[in-house]
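Chains as they are written, first to last, in this note's numbering: chain A, 1 to 698; chain B, 699 to 1396.
Here a beta-carbon is modelled for each residue, glycine too, at the ideal position from N, C-alpha and C.
Because the structure is a prediction, the values reported are computed rather than measured.
2 protein chains.
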Amino acid sequence: MGKEYRSQQKQNETRTAAASERHRSSQTRPSASSVVSKMASGNVNPELQRERAAASFNIRELTHLLDGGSEKTERRKELEKLFHEDPEFKTDVPQCYLTYSEAYADALQKCLRIYQKAMVLSDPREILTVADAILHDSTPVHVHFVMFVPALMGHANEEQQAKWLSDALTMKIIGSYAQTELGHGTFIRGLETRATYDPEREEFVLNTPNLSSIKWWPGSLGKTANHAIVLAQLYTKGKCYGIHPFMVQIRSMEDHAPLPGITVGEIGPKMGMRAADNGFLKLDNVRIPRENMLMKNAQVTKEGDYVKPASDKLNYGTMVFVRVLLLDMFAFNIARACTIAVRYSAVRRQSEITPGQGECQILDYQAQQYKLFPLLGLCHALRGMFANLMELYKQANQELEMGNLHALPELHAISSGLKAFCSEMAAKGIETCRLACGGHGFLLISGLPRLYATTVAACTYEGENTVMYLQAARYLMKCLAQPQVASNKSAFHFLLEPSTLNVPPFNAKLKGHAAIRQLIPFYRAAAYKHVHRAHKKVKSLVSTGLTQEVAWNQSQVDLIIASRATIYYYLGLNYLDWVEHAAISEQLRGVLLRVCHLYLLHGIYEQPGLFLVAGLRDENLEEISGLITELLKSLRPDAVALVDAFDHHDMVLCSALGSYDGRVYERMYESALKAPLNKTQVHESYHRFLGPLMKSSL
Amino acid sequence: MGKEYRSQQKQNETRTAAASERHRSSQTRPSASSVVSKMASGNVNPELQRERAAASFNIRELTHLLDGGSEKTERRKELEKLFHEDPEFKTDVPQCYLTYSEAYADALQKCLRIYQKAMVLSDPREILTVADAILHDSTPVHVHFVMFVPALMGHANEEQQAKWLSDALTMKIIGSYAQTELGHGTFIRGLETRATYDPEREEFVLNTPNLSSIKWWPGSLGKTANHAIVLAQLYTKGKCYGIHPFMVQIRSMEDHAPLPGITVGEIGPKMGMRAADNGFLKLDNVRIPRENMLMKNAQVTKEGDYVKPASDKLNYGTMVFVRVLLLDMFAFNIARACTIAVRYSAVRRQSEITPGQGECQILDYQAQQYKLFPLLGLCHALRGMFANLMELYKQANQELEMGNLHALPELHAISSGLKAFCSEMAAKGIETCRLACGGHGFLLISGLPRLYATTVAACTYEGENTVMYLQAARYLMKCLAQPQVASNKSAFHFLLEPSTLNVPPFNAKLKGHAAIRQLIPFYRAAAYKHVHRAHKKVKSLVSTGLTQEVAWNQSQVDLIIASRATIYYYLGLNYLDWVEHAAISEQLRGVLLRVCHLYLLHGIYEQPGLFLVAGLRDENLEEISGLITELLKSLRPDAVALVDAFDHHDMVLCSALGSYDGRVYERMYESALKAPLNKTQVHESYHRFLGPLMKSSL
C-alpha cells in the first residue's frame, strides 16, 4: 500500500482549497472517485503477490480437479468470456444499491438476455453459474427453467408436451411451479388447494378454499409467469385422490393482466434472493379443461373416473436430483466466501503478535486460521461429495429404468441427510467467513451477506432441515429394526456390527496417510453409538407404554443427533476417499491431504462430545490440539493459493473485499461513493426536517 | 381458523366473475386486502386463546420481574401510550419496503420527533427502546446521543462543555464519534488520522494521510452530523503522543454542505441498521483552533507542550458501561425473537404425530421445543446478568470515585467475555428462532432477519468478539500465574482450587433445587479444566523455545475455549442465583426454575465435550436426555405465557408472525399486498422486456 499512499499524499497536497470549495458548492457525488481509481488501477496488492509466489503446489492442477477436469475449466473460461465480458451485462452501480423494483427490472432484462444467448449452454449448471455471476441473485425465470419445464417433461403426456413444451422453451409461456401454500410447506399431503372435476363441462374447477391455502413462495409467480403448474387436491365423483399437477394459465397473453378468478402478486422483500419474484396465487372458481391435468401418470377420464399411476415412487428420483444440484450450490457458495475471507485476511493488517515487530496480516493469527482453513476442507468435501452423489444418482436412475427400485430408499435417505447437514455447514461456514472479516463483512458490498442469505435459505426450502434429518433417521432406525435393509452393499452395514465400536487407540505419532485414516473409525464409531442410543431411547419409551409415534416424537432430539453423526461420518469418509483416489500429482495430494487431515481433526475438536463416548480419550484432545496447531502453521503459506484455485472470476465473487487484485480499501471507497445516499452531498430530507429544527430556537 | 375460513368461503362465493374482471382491468393493488381485514379483525387466534388460558402462573408477575419492578412496567406502558400510539409515528407501509433514501428520511423525521418529545425520558435505555419500537432500526442521531454527548461530557473541560454542550443537547450541533477507520477497528492504537499542532497559528492541522485512514463506520456521520469528535494521533513538536479526541466541524451550519478539506458521505448498504447513517470522512489539511482538542484529561499548551492526563485507566469505566447496555439489547432482541417464534409455532399446524389424529401445532414437536425453550432460559439468564452487571458496574464506579481501581480489571475481563459470549449466543438464538419459523422466517415482515442483523452486528462492533475472548483469557491466565489476582473476593478464585474438579457424581434422581444446583459444579469444573488446559498449552509451547507472544498466538484456539467455558459457568451460576433469590411467588419460581434447569441441561447436552472431560460420564448423557424430554413436556403448556410475559407491544415486535393476536396468515397476506412490486398488477418492465420477447417470433 505504501506506494499508493504516497501517490495519494501528493495528490492531496496539490488539491487546493479551491477544489474543496468546488466540492462544497456542487451538490453531486464527491469527485474523489477518480482519484482512487487512478491511484492503483491495474495493480495487484503486494501482500497477495507475495502470498501467491509462496504457493507450494500448482494452482492450475487443483483448479482442474475442482472443476472436474481441464476441459470443464476451458469450457468455464469460454463462458466467462462470452457472458461476463459482454458489455450488456455490465453495471455501473452495485446491484445491492437498486430498489426492489429496479432490481427486478434489471434482473428480468439480464436474464432474458442470458437465456437468449443460452443456446450455447448445454448443462443447466452452466446456466445457473452464469446467471449467478451476472445477476448476483436468483432470477425471475429461474423456476421456469429449473422446475416448470422439468415438471412438464415429467408429468405431461405426449400430447400435452406437444402443446406446451416448445412455447415454454422459447419463453412464450413462462411458468411457475405452484406447490407451497401459506399454511403448508414440507408436508405436501396437507396442501388445501382443490381441483374438482365437473363432468358436465369436462372441466376442473380450481379453488383456494381459505386463507391458508393461498399459494405462497413459488418463484417467478409474482410478476413474471403467465402460466403455473398448480398442485392441488384432486376431487372427482365426491372423492379426494390427493395431490396432482394442473396447468393453469394465470395471466393474459395479450397484456399480462391476471385472468378472471386469479389474484396474483409478489410476497414481499426477503433476506435475500430479491429478484426471485416469489409470488402468491389465489384461485376463485378458475375453470380449466380436463386436458390441463398433467396426465403422464395418473388420469381422470371424461366421465370422471380416476386412473391410478403405475407407481408412486416415480417422483423420488427428481427429489434426489434437486438435492444433488443443491450440494453443488453449497460448494460454490462456501468456496466464494472462503475466497473473500482468505484474501481479505492476507490484505488486512491489524495489531501485533510480538510488540514492536509491526502489524500482522490477520491471516497470521491462529484464531483466524482456525476459523478459515477447516472451511477449505469443507469446500473440498462438498466438491467430492457432489461428484460421488451425482454418480450414485446416475446409477440408481439406470437401475430404475430397468425396473429395479432397490437402491432408491437408501439414496433418498442419504440425500435427505446430506441436504440438511451440508446446507447447515455451508451456511454456518459462510457466516464464519463473514464474521472473520470483522465489521466490513457487514457491508453488502463485501458480498458475504448475500452468500449467507442465499445459502441459509436452503435450510428451509426443498424440505425443511429438521424434517430432512428425521427422514434420514427413519431409514437408519429401519436398518437396525430390519437388518436385511442394511445389507452388505449398504453404506450403513456397519451399524449392524458391534465391532464398529472397537476403535484402535488414537495414535498421535502416526504420519502420512495412516495418521489421517485412523480418524475414520472414530467418526464411524460415533455414528454407531448415536444411532444405537437413539434407537434405544425410542424402544425404552415404547416400553413405558407410549405408542411408537409418540415415542418417536419424544426422541426427535436424539434421532437428529444420530442423523448428523452418521452424515458427518459419511461425508468425511467420502472426502478422504476422493483425495486419495484423485488423479493428481503427489505434491498436490500432499497439500490436499493436509487440508483433509485438518478438516477431520477440527470436526473432532469442535464436537468432542460425539467422539468421547465412542473411543476417544480425554488426553487425545490435547494431542489433537497440538496436531491442529502444526497443521494450521503448515497450511498458512498455501492459504491464498488454495482459494485462488477455486478460480472465481471477480464478477462471480462480486465483493469489494475478495477481488483477485486485493484492492480492498480502494474498492470499498469507490463503492461507497456510488451509494444511494451519496447521490447528493446534502440529503433532501435535510431541507424538510433537520434544517428547520436546527434553525428553530428550540 | 375454522370460522374465518367459512366466512371467507362465503365471500368467495358471492364474489362474481365481474369482480374478478374489475381486478383484471384495474392496474392497481389487488383489492383482496379489504376482504382479509374484514375477515378477522380484532379476533385473537383461538389457538393462542387456548394456550393463554392454560398458563400455570401469573403472567403479570413475571413481567414485573423482567422489567425490574412493577413501577418500571407502569412507566413502560405510559411511554407506549405516549409514543407508540402517537399518530405521527404510524406508518402505512412496512419500513422494510422503503428505499434506502426513503428509509433514511423517514427515520430522520421520526427520530427528531422522538427526541423533541423525549424531555419526558429520563433514562437513555427508555429512549433506545422507544426509538427501536418506532423506527424498527437504528437512528441517524443514535450516535449523537449515545456517544457524542457522553464523549463531550467525558473529555471536554468546563469551558468546552459550556461552549458546545447546550447546542448539542438542543440538536443545533449534531455530532458523530469518528474513531474507526477503513484500516483499523478494534486495535485503536493503530489508527492513522493525524492532528499536528501548529504553534504559530495555534491550530491543529488534521489529515487523513492515506486511504486506509479514512474514517469509516461512525454512525450519524454520513449525512446527518455537522460536527464530529475525531480521534487522531496527536503530533506536537515532532513527537507523537497517541490517540486524542478533537472537535471538528464538518458541515456548514448554513446549508449543511461539507466544509473545505472535508470529504464526507455514507458508506453504503449493510445487512441491517439501514438508517444508522454510517459514514466516511476524509480530512485534507483541516485546521481547527487549539481549543478544539478536548482537554479535560490531556492538554497541549499554546506553546505546543504536551501535558499528560492524571490516569490512563479512566476510559475503562465507559467501555464497561457500553457493554452492560449491550447485554440489555441482547436480552431484548432474543426475547422478541422467542416471542415471534413461540407464538407462530402455536398458530402453525403441520403434519401429524399420530396418523389420523389431525395436524399438530408445530410447538408439539420435540425438535421445535428443543430449539425454542432453552432460549427462553437464555432470555432470563441475560436479564439476570444485566441486572447483576449493572450493580457491579455501579459498585466499581463508586470505588473508582474513592480512588480505588481494584475491582476494574476483573470487571473489565468479565464484561469483555460476556459481550462476546452473549452477542454470539443471542445472535445464534435469534437465527434458530428464525429457522424454526421455516420459510416464512426468511421474509422481512417476519421481523426476524432484522433482529438477527442488528444482534449479529454486535459480534464485530464495540470490540470484535475473538479479541474480546482473548482479552478475557489474558485475565484468566493472569489468575493462574499471579494467584494474588484471583483473591478470595474474585469470581475466579475457584481456578486456584484443584478440588474444583472433584464433582459429586451426577444424580438423575435428585428433585427440586438440588437437581438443578448439582449442575453448577459441572460447569465450574469444565471452566477449571479448560482454563488449565490452555495455560498448560502456552507453557509447553514456551518450553519448546517459542517466545511468550508466539506461544500465546499458537494457543488462541484453546484460550478462546477457556474463556467461553468460564463465561458459560459464570452466566449459568448468576442465572440460577437470580431465580433463587427473586422476590416472587413460589408458583412462579417453580416455573422459572424448570426453565433454568432445562437451560443448564441443554448447555451440557449441546456441548457434552466440555463436561465429559470434567466429571460427567457417558451414561449421564442418557439420563440427561430423559430429563430434557420430561422438562420439554412440562414446559409446553406454559410456553406462550412465558413469551407473553415479555410483554412486547406489537409495534415493538413488528412481525407478521408474532403479533399478540396470532393473525399470522392474515397479516402476511395484508403485508404482501403493500409490497413494492405490487404497486401495479403488471410491472412496468413487462412492457420493456418480457412483452416484446414473448411477441417476437423467437
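To which residues of the same chain is Gly-68/A closer than 8 Å at the C-beta, ignoring the five residues directly before and after it? Closer than 8 Å at the Cβ level, and outside the excluded window around Gly-68/A, lie Ala-387.
Let me confirm a value: Arg-972/B is counted as buried when at least 16 other C-beta atoms fall within 10 Å, else exposed. Which label applies? The residue in question, Arg-972/B, is buried, as its Cβ has 16 or more Cβ neighbours within 10 Å.
Give the secondary structure of Met-1027/B by DSSP, where H, G and I count as helix, E and B as strand, and everything else as coil. In the structure shown, Met-1027/B sits in a helix (DSSP, three-state: H, G or I).
Taking only beta carbons into account, state which residues of the stretch 872–886 of chain B come closer than 9 Å to chain A, listed in chain order. When C-beta distances to chain A are compared with 9 Å, the residues of the stretch 872–886 of chain B below that value are Ile-872, Thr-878, Leu-880, Gly-881, His-882, Gly-883, Thr-884, Phe-885, in chain order.
So if I threshold CB-CB distances at 7 Å, which residues from the stretch 259–289 of chain A count as touching chain B? Across the stretch 259–289 of chain A, CB contacts with chain B closer than 7 Å involve Leu-259, Pro-260, Gly-261, Thr-263, Gly-265, Glu-266, Ile-267, Gly-268, Pro-269, Lys-270, Met-271, Phe-280, Lys-282, Asp-284, in sequence order along the chain.
Residue from Glu-1304/B, Cys-1077/B, Lys-968/B whose Cα sits closest to the Cα of His-440/A: With distances taken between Cα atoms, His-440/A lies closest to Lys-968/B.
Going by beta carbon distance, what residues of the same chain come within less than 7 Å of Ala-876/B, once the five residues before and after it are set aside? Excluding residues within five positions, the ones whose Cβ falls inside 7 Å are Lys-913, Pro-916, Leu-919, Ala-926, Ile-927, Val-928, Leu-929, Leu-979.
Cβ shell of Ile-530/A (< 6 Å), same chain only, five flanking positions each side left out: The question names Ile, but residue 530/A is His in the sequence shown. Once the five neighbours on either side are set aside, the close Cβ partners of His-530/A are Ile-561, Ala-562, Ala-565.
Please state if the CB of Thr-208/A and the CB of Leu-283/A are separated by a distance shorter than 8 Å. Their beta carbons are under 8 Å apart, which means Leu-283/A touches Thr-208/A by this criterion.
Between the Cα of Ala-1111/B and those of Gly-1056/B, Ala-1171/B, Ala-1249/B, Thr-827/B, spot the shortest distance and give me the residue it belongs to. Closest option to Ala-1111/B, Cα to Cα, is Ala-1171/B.
Limits of the alpha helix (DSSP H) - the one that Leu-1080/B falls within: Taken as a continuous stretch (DSSP letters only), the alpha helix (DSSP H) holding Leu-1080/B covers 1064–1099.
Do we get a CB-CB distance below 8 Å when we pair Asn-1376/B with the residues of chain A? Taking Cβ atoms only, chain A reaches closer than 8 Å to Asn-1376/B, which makes this a yes.
Selection of the stretch 455–471 of chain A by Cβ proximity to chain B, strictly under 7 Å: Under the 7 Å Cβ criterion, the stretch 455–471 of chain A contributes Ala-457, Cys-459, Thr-460, Tyr-461, Glu-464, Thr-466.
Pick from Leu-510/A, Gln-249/A, Leu-392/A that is closest to Val-320/A, judged by C-alpha positions: Measuring from the Cα of Val-320/A, the nearest candidate turns out to be Leu-392/A.
Asn-976/B versus Asp-1336/B: straight-line alpha-carbon distance, rounded: Those two C-alpha atoms are separated by around 42 Å.
Give the DSSP bridge partners of Ala-718/A, in chain order. The question about residue 718/A has no answer, for chain A in this structure spans 1 to 698.
Tell me which same chain residues have a C-beta within less than 8 Å of the C-beta of Ala-675/A, skipping the five on either side of it? Once the five neighbours on either side are set aside, the close Cβ partners of Ala-675/A are Tyr-97.
Rounded to the nearest angstrom, what separates Cys-111/A and Gln-607/A at their Cα positions? Each residue's alpha carbon lies about 43 Å from the other.
Quick one: measure Cβ to Cβ for Leu-1333/B and Leu-1296/B, integer angstroms, because I've assumed they're closer than 8 Å. 7 Å between Cβ atoms; contact.
Let me know the secondary structure DSSP gives Phe-204/A once reduced to three states. Note: Phe-204/A maps to strand in three-state DSSP.
If you compare alpha carbons, which of Leu-1194/B, His-762/B, Ala-1134/B is closest to Ala-1179/B? In terms of CA proximity to Ala-1179/B, Leu-1194/B leads the group Leu-1194/B, His-762/B, Ala-1134/B.
How many angstroms separate the CA atom of Asn-1376/B from the CA atom of Ala-803/B? Straight-line Cα distance between these residues: approximately 23 Å.
Do you know how far the Cα of Met-1083/B is from the Cα of Ala-1156/B? About 17 Å.
Spatial neighbours of His-602/A within its chain, please: C-beta separation below 6 Å, excluding the five flanking residues on both sides. For His-602/A, where only same-chain residues beyond five positions count, the Cβ hits under 6 Å are Pro-374.
Beta-carbon of Phe-442/A versus every beta-carbon of chain B: anything under 8 Å? At a cut-off of 8 Å between beta carbons, Phe-442/A contacts chain B.
Can you give the Cα-Cα distance for Phe-786/B and Leu-1149/B, rounded to whole angstroms? What sits at residue 786/B in the sequence shown is Glu, not Phe. Cα atoms of Glu-786/B and Leu-1149/B: separation of roughly 24 Å, rounded to the nearest angstrom.
Taking 6 Å as the limit between beta carbons, can you name the residues of its chain near Ala-527/A, skipping five residues before and five after? Result list for Ala-527/A: Ala-565, Thr-566, Tyr-569, in chain order.
What's the C-alpha gap between Thr-318/A and Val-595/A? Their Cα atoms are separated by approximately 34 Å.
In three-state terms, what does DSSP make of His-227/A? It is a strand residue.
Near Ala-974/B, which residues of its chain fall below 6 Å by C-beta distance, leaving aside the five closest residues on each side in sequence? Contacts found: Ser-836, Gly-917.
Tyr-802/B: first and last residue of the uninterrupted alpha helix (DSSP H) it sits in: Run containing Tyr-802/B: 798–815, per the alpha helix (DSSP H) assignment.
Using a cut-off of 8 Å between C-beta atoms, extract the partners of Val-613/A located in chain B. Correct list: Pro-1306, Leu-1310, Asp-1316, Leu-1319.
Note down, in chain order, each residue of its chain lying with its Cβ closer than 8 Å to the Cβ of Leu-1239/B, except the 5 sequence neighbours on either side. Counting only Cβ-Cβ distances below 8 Å, and skipping sequence neighbours, we find Val-1248, Ala-1249, Gln-1252, Ser-1253.
I'd like to know if Arg-1231/B contacts chain A, where contact means its C-beta is closer than 8 Å to some C-beta of that chain. Arg-1231/B counts as touching chain A.
From the DSSP output, in three-state form, read off Leu-981/B for me. For Leu-981/B, the secondary structure class from DSSP, reduced to helix, strand or coil, is strand.
With Thr-648/B as the anchor, note down where its alpha helix (DSSP H) starts and where it stops. Because chain B spans 699 through 1396 in this model, residue 648/B falls outside it and cannot be assessed.
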